[in-house]
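Quick note, the sequences are listed as chains B and Z, same order.
Sequential numbering of the first sequence, starting at 1, is according to my numbering.
Sequential numbering of the second sequence, starting at 1, is according to my numbering.
Data first, discussion second: the structure below is written as structure tokens.
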Amino acid sequence: MNFENTIGLETHVQLKTRTKMFCGCLLKTGCEPNTNVCPVCLGYPGALPMINKEAVKLTVMSGLMLGCEINRHATFDRKNYFYPDMAKDYQISENGNPLCIGGGVTIETPNGPKTIRINHIHLEEDAAKINHYATTSGVDFNRGGTPLMEIVSEPDMASADEAIAYLTALKEMLVYAGVSDCNLEEGNMRSDVNISIRPVGETKLGTKVEIKNMNSFRGIHAALEYEARRQRECMAHSIPIVQETRRWDGEALETASMRSKENAHDYRYFPEPDLVPVALSEEQIEAWRALLPEQPKARRARMIEEYGIAEYDADVLSQHKANADYFEAAAKGLDKKIAKQLCNLFMSDVMALLNESGKAIGECAMRPEALRSLVTLAAKGTINGPTLKELLPEIFEKGGDPEAIVKERGLGAVSDASALEAFVDQAIAANPGPVADFKAGKKAAAGFFVGQVMKLSKGKADPKIVGPLVAKKLAAL
Amino acid sequence: MNKPAIDVAYVAELARLELTDEEKAVFQPQLEDIVRYVEKISSVDVEGVPPTMHGRAIVNALREDEVRPSMPREEALANAPARTGDEFMLPKIVEGAES
Ligand SMILES: [Zn+2]
Numbered sequence: 001m002n003f004e005n006t007i008g009l010e011t012h013v014q015l016k017t018r019t020k021m022f023c024g025c026l027l028k029t030g031c032e033p034n035t036n037v038c039p040v041c042l043g044y045p046g047a048l049p050m051i052n053k054e055a056v057k058l059t060v061m062s063g064l065m066l067g068c069e070i071n072r073h074a075t076f077d078r079k080n081y082f083y084p085d086m087a088k089d090y091q092i093s094e095n096g097n098p099l100c101i102g103g104g105v106t107i108e109t110p111n112g113p114k115t116i117r118i119n120h121i122h123l124e125e126d127a128a129k130i131n132h133y134a135t136t137s138g139v140d141f142n143r144g145g146t147p148l149m150e151i152v153s154e155p156d157m158a159s160a161d162e163a164i165a166y167l168t169a170l171k172e173m174l175v176y177a178g179v180s181d182c183n184l185e186e187g188n189m190r191s192d193v194n195i196s197i198r199p200v201g202e203t204k205l206g207t208k209v210e211i212k213n214m215n216s217f218r219g220i221h222a223a224l225e226y227e228a229r230r231q232r233e234c235m236a237h238s239i240p241i242v243q244e245t246r247r248w249d250g251e252a253l254e255t256a257s258m259r260s261k262e263n264a265h266d267y268r269y270f271p272e273p274d275l276v277p278v279a280l281s282e283e284q285i286e287a288w289r290a291l292l293p294e295q296p297k298a299r300r301a302r303m304i305e306e307y308g309i310a311e312y313d314a315d316v317l318s319q320h321k322a323n324a325d326y327f328e329a330a331a332k333g334l335d336k337k338i339a340k341q342l343c344n345l346f347m348s349d350v351m352a353l354l355n356e357s358g359k360a361i362g363e364c365a366m367r368p369e370a371l372r373s374l375v376t377l378a379a380k381g382t383i384n385g386p387t388l389k390e391l392l393p394e395i396f397e398k399g400g401d402p403e404a405i406v407k408e409r410g411l412g413a414v415s416d417a418s419a420l421e422a423f424v425d426q427a428i429a430a431n432p433g434p435v436a437d438f439k440a441g442k443k444a445a446a447g448f449f450v451g452q453v454m455k456l457s458k459g460k461a462d463p464k465i466v467g468p469l470v471a472k473k474l475a476a477l
Numbered sequence: 001m002n003k004p005a006i007d008v009a010y011v012a013e014l015a016r017l018e019l020t021d022e023e024k025a026v027f028q029p030q031l032e033d034i035v036r037y038v039e040k041i042s043s044v045d046v047e048g049v050p051p052t053m054h055g056r057a058i059v060n061a062l063r064e065d066e067v068r069p070s071m072p073r074e075e076a077l078a079n080a081p082a083r084t085g086d087e088f089m090l091p092k093i094v095e096g097a098e099s
């Protein structure tokens, strides 16, 4: 019998706010334990939470990007559970009335585009961090109360590849909108993954297994592939699949059943009496919509159109908003031909410099205007190719205005025909041997004269002009 | 008899309260009385009345995303029954057993 997979994801995304969800404590990683804490995030009785407006804004902006309907009257609830990572013994979340409802993410599959529907997005607070030691465990509340938005998908994915395509598209959009850094290593984006299988053609969903708290795409892919295989094997041997939470073991490369306590999932949600509803006006939602950036896909298409650059280049550039922003700042208003040269230089030399230095584009000293000026100088023939390649790393590292540097050091290319002709004549006069070679039919000798002219001009002649000039003079001998 | 309005043993377990059998026997009818009393409210016809989440009809008590000073760590840890380094100490937890 043939089976198909049904995969759904619940993705927790850390929002890019300065402070926590319900208190003004600073959000920062790498601080000394329990230094960013207060009565609210330590769960002191009587301490009152207050909703961070920025977190609401970022969640609504995410919803707008994903085509969700924005709830005009959202409310918070208490999710009750006992665990030392949650000092209040309940987590404030949105159960019945979340901020964003519906929406979807379109992914590319071998069978064409496919939309993964979103069920809803709700806002909640993160738990504290528990650290494990030899004989004890300890709680650090710095992370406790971090604003998280949970994006819950419908079970619309049919393979591990589709799940990763969905997460990749989601990440790209959220980073673009500046909603989250989506830094996987730092746990900014963690997913609970559920998967079941059913015979092809069956409409009822199979028994699902959940794998919690996965923060690497590679891990998610491997865990899903493993589970899909394991569940098929269970079916083949008539072993019942139990609804359970399993843990991914990244070393053994397998999932293992987790001992879960009975009644663990009875959260007894009820409305949070300490918080009043969030009621969003049309004006507010529209004001936030206006802050949304252009979506990566639309940007790719526009960059190809506007700058005449290749699809591949537009694709690579648009993957990182900072790179695309930089390129556009440099290329704005340039002639398509020059913009394309700028793109080539960015894709090869500038990218290489970024890689070597380990810097992000925003950290290098070269301003976009400087790159524009450098490429324009080369395109106009004011400097030659070798000078361009020589100046680029220097300006990349130290900054500065290319035009001023070229003027100050006299790096301008010698393109004046009479000056170049004089160099060619000089080279021919000084080298009777190679001239004889050339006359004897050794055409390669022409290259020698180009080299001589470059030397005489101290590297400032444009080899592209010198070549034909040398050929002309030699032919006339 | 109807299903009891509340299962005290179950609720106590969820709340991590350890009750003796005698205590459960005392609390069961007491809490049933309380729940039945509160349940009277369900007999009111609320057809067409939107649920009220809060006693006061205010919305949007939001704060700006501005950092406020946190409390000194020693103060935060002062009431910890035990500490391990600068953290609240717990008995050893088997990682991944439950969350
Ligand atoms: Zn706090």
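All residues carry an ideal CB built from backbone N, CA and C; glycine is no exception.
Residue(s) in a DSSP beta bridge with residue i
i	result
V105/B	I116/B
N52/B	R63/Z
N80/B	Y90/B
A74/B	V278/B
F3/B	P199/B
P135/B	Correcting the residue type first, residue 135/B is Thr in the shown sequence and not Pro. DSSP lists no partner for T135/B.
G8/B	N194/B
L123/B	M149/B
K337/B	K337/B is not bridged to any residue.
T482/B	A question about residue 482/B goes unanswered here, because the residues of chain B that appear run from 1 up to 477.
Neighbourhood of residue i by C-beta distance below 6 Å, restricted to the same chain and skipping five residues each side
i	result
A87/B	L42, G43
H122/B	E94, P98, E150
I7/B	M157, A163, I195
D349/B	L392
E154/B	R117, N119
I241/B	T207, Q231, C234
Residues near residue i in its chain [Cβ-Cβ closer than 8 Å; skip 5 each side]
i	result
A287/B	none
R232/B	F3, I197
R246/B	V209, E210, I211, E227, T255, A256, S257, M258
Q341/B	V375, A378, A379
F82/B	D89
I428/B	V435, F449, K473, L474, L477
Rounded Cβ spacing between residue i and residue j (contact assumed at less than 8 Å)
i	j	result
Q136/B	K20/B	Looking at the sequence provided, one finds Thr at residue 136/B rather than Gln. Not quite, the Cβ-Cβ distance comes to about 26 Å (not below 8 Å), so this is no contact.
T11/B	S180/B	Not confirmed; about 10 Å, so no contact.
D85/B	V139/B	7 Å
N215/B	G187/B	5 Å
T75/B	P296/B	Going by Cβ atoms, the distance from T75/B to P296/B rounds to 33 Å, so no, they are not a contact pair.
A160/B	L224/B	4 Å
Q426/B	L456/B	6 Å
G467/B	P386/B	Actually they do not touch by this definition, with Cβ atoms about 14 Å apart.
R78/B	Y269/B	7 Å
8 Å Cβ cutoff, residue i in contact with chain Z
i	result
T109/B	no
P98/B	no
V40/B	no
P155/B	no
N487/B	The requested residue 487/B is not part of the displayed model; chain B covers only 1 to 477.
D458/B	Before going further, note that residue 458/B is Lys rather than Asp in the sequence given. No, K458/B lies away from the interface with chain Z (no Cβ there is under 8 Å from its Cβ).
A279/B	yes
R143/B	no
V193/B	no
N34/B	yes
T146/B	no
K88/B	no
Interface flag, residue i vs chain B, CB-CB below 8 Å
i	result
L17/Z	no
L62/Z	yes
D7/Z	no
K92/Z	yes
V38/Z	no
V44/Z	no
I58/Z	yes
V49/Z	no
I88/Z	What sits at residue 88/Z in the sequence shown is Phe, not Ile. Cβ-Cβ to chain B under 8 Å: yes for F88/Z.
T84/Z	yes
E66/Z	yes
L14/Z	yes
Own chain, CB closer than 7 Å to residue i, minus 5 neighbours either side, in chain order
i	result
I383/B	L377, V406, L411, G412, A413
H132/B	none
Proximal residues of chain D, C-beta to C-beta of residue i below 7 Å
i	result
A76/Z	In the structure shown, chain D cannot be found, because the protein chains are B and Z.
Check: Which ranges would you report for the alpha helix (DSSP H) in the stretch 13 to 95 of chain Z if only whole runs of at least 4 residues count?
Finding: 21 to 39, 73 to 77
Next item on the list: Return the chain-ordered ranges of every beta strand (DSSP E) run that is complete within the stretch 13 to 39 of chain B and spans a minimum of 3 residues.
Entry: none
Margin query: Report the start-end ranges of each alpha helix (DSSP H) in the stretch 266 to 314 of chain B that is 4 residues or longer and not cut off at the edges.
Written below: 282 to 289, 296 to 307
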